[in-house]
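Report on the structure given below.
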Amino acid sequence: MNKKILTKTVARLMKIPKGILAIDESLNTSAGRFLKLGVPNTEEKRREYRELLITAPKIEKYISGYILFDETIKQKTVDGKSFVSILNSKGIEIGIKVDAGTTDFSNHDGEKITKGLEGLSERLKEYKKLGATFAKWRAVYTIGVHIPSFDCMKVNAEIFAKYAILCQENDIVPIVEPEILIDGNHTLEKCYQVTARNLEMVFAKLKDANVFLPGMILKTSMVISGKESKEKSSPEKVAEITLRCLKEHVPEDIGGIVFLSGGQFDLEATMNLNAMHKNNFLPWPLSFSYGRAIQNPAFKSWAKNPNDVSGAQELLLQSAQNNSLASIGKYK
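The sequence shown maps to residues 1 to 332 in UniProt numbering.
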């Protein structure tokens, strides 16, 4: 583990007002999105769309890193340039999703654990040769009457720790993403309680495994009520309770924190991020790592008119700029 390499990569990724763009949708997720808008879900169509995202002019003004999928990190533009080389030329860090999705947690109804540790060290070495400097691993937690359980949080936290230390041994910065799903009718307070307990568990296991905290990034959900809840909170309230949770349960020496949008409406994710940076002292760099919340306008435009690539790229740039402004509290 080269701590100097890890901290330098973190510094480049957390260079505010930039954020991280997630374009790491799995084949199943891509299929759902493409078919919903009538786009054929072929490898070529996926490549074509990702080329649009990767070649967007001046995107590097607002984005410090791209999280790619296994298929994407090996793809090229129509004229034969590798996606990795294009991102490198823009000074954008190459990230890779390395988990293999979730599976049912045995004897725990409604709960999931993340798979993909088998062969991970070898895959990380391969991705490093391809140019990756950081990686991402996601676990998901549903809020219900008796879930997430202690066991579910413990097992996923232990898996996070194994993943993170393998990354750091290969000088790859691990992004740890414990996502509290927006599904359900839970209250803001319930989300706070679950998020707090889970973060405590995650960082306890990371410390037990001697993960180098300044050389990693937390990708976390905001503390918000469930999408079926009647309780709707203002951006100011979301910011207040989220920052309280993070300040109380995330170590100050972590490399940085980025938010996932997690099913929020595009504008909602931007407004909530913006409120986090209004007159608040933050002990760590805090930015965004959005997928759909940045991609949506561009994706819909491209699906409607695949020939108007520049038009879709302008929409992508606008979304990225909006969230860049929000990362310093200047979005209006």
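Using N, Cα and C, we set each Cβ at its ideal position, and we do this for glycine too.
Remember, predicted model here, so these are calculated numbers, not experimental data.
Residue from the options with nearest C-alpha to residue i
{"i": "Phe34", "options": "Gln313, Gln321, Gln295 and Asn323", "result": "Gln295"}
{"i": "Leu218", "options": "Lys190, Ala139 and Pro148", "result": "Ala139"}
{"i": "Ser121", "options": "Lys162, Thr142 and Lys230", "result": "Lys162"}
{"i": "Arg292", "options": "Thr7, Leu13, Val10 and Gly32", "result": "Gly32"}
{"i": "Ser327", "options": "Ala204, Lys15 and Gly65", "result": "Lys15"}
{"i": "Tyr62", "options": "Ser287, Gly311 and Asn307", "result": "Ser287"}
{"i": "Pro148", "options": "Ile86, Met276, Lys112 and Ala135", "result": "Lys112"}
{"i": "Asn307", "options": "Asn28, Leu6 and Glu48", "result": "Glu48"}
{"i": "Ile54", "options": "Gly226, Lys45, Thr270 and Leu68", "result": "Leu68"}
{"i": "Ile159", "options": "Asp266, Leu260 and Lys115", "result": "Lys115"}
{"i": "Asp99", "options": "Phe83, Leu87, Ser85 and Glu118", "result": "Glu118"}
{"i": "Phe105", "options": "Met153, Gly95 and Glu126", "result": "Met153"}
{"i": "Trp137", "options": "Glu177, Gly95 and Cys167", "result": "Glu177"}
{"i": "Glu43", "options": "Ala22, Glu236, Leu21 and Thr77", "result": "Thr77"}
One or two residues paired with residue i in a DSSP bridge
{"i": "Ala139", "result": "Pro178"}
{"i": "Thr103", "result": "Ile113"}
{"i": "Thr133", "result": "Thr133 is not bridged to any residue."}
{"i": "Phe259", "result": "Thr220 and Phe288"}
Cβ distance (whole Å) where residue i is taken to contact residue j below 8 Å
{"i": "Ser324", "j": "Pro17", "result": "5 Å"}
{"i": "Ala56", "j": "Leu316", "result": "5 Å"}
{"i": "Asn279", "j": "Asp171", "result": "At roughly 37 Å, the Cβ-Cβ gap does not stay under 8 Å, so Asn279 and Asp171 are not in contact."}
{"i": "Val173", "j": "Met216", "result": "6 Å"}
{"i": "Met276", "j": "Ala239", "result": "5 Å"}
{"i": "Leu213", "j": "Asp253", "result": "5 Å"}
Start and end residues, beta strand (DSSP E) containing residue i
{"i": "Phe281", "result": "Premise fails: Phe281 is in no beta strand (DSSP E) and is neither H nor E."}
{"i": "Glu93", "result": "Glu93 to Lys97"}
{"i": "Ala22", "result": "Gly19 to Ala22"}
Residue span of the alpha helix (DSSP H) that contains residue i, given as start and end
{"i": "Gly311", "result": "Val309 to Ala326"}
{"i": "Ala275", "result": "Asp266 to Met276"}
{"i": "His249", "result": "Pro235 to His249"}
Query raised in the report: Curious, which full-length beta strand (DSSP E) runs of at least 3 residues does the stretch 58-85 contain?
Result: 63-68
Query raised in the report: Mind pulling the beta strand (DSSP E) runs of 3 or more residues that sit fully within the stretch 140-205?
Result: 173-180
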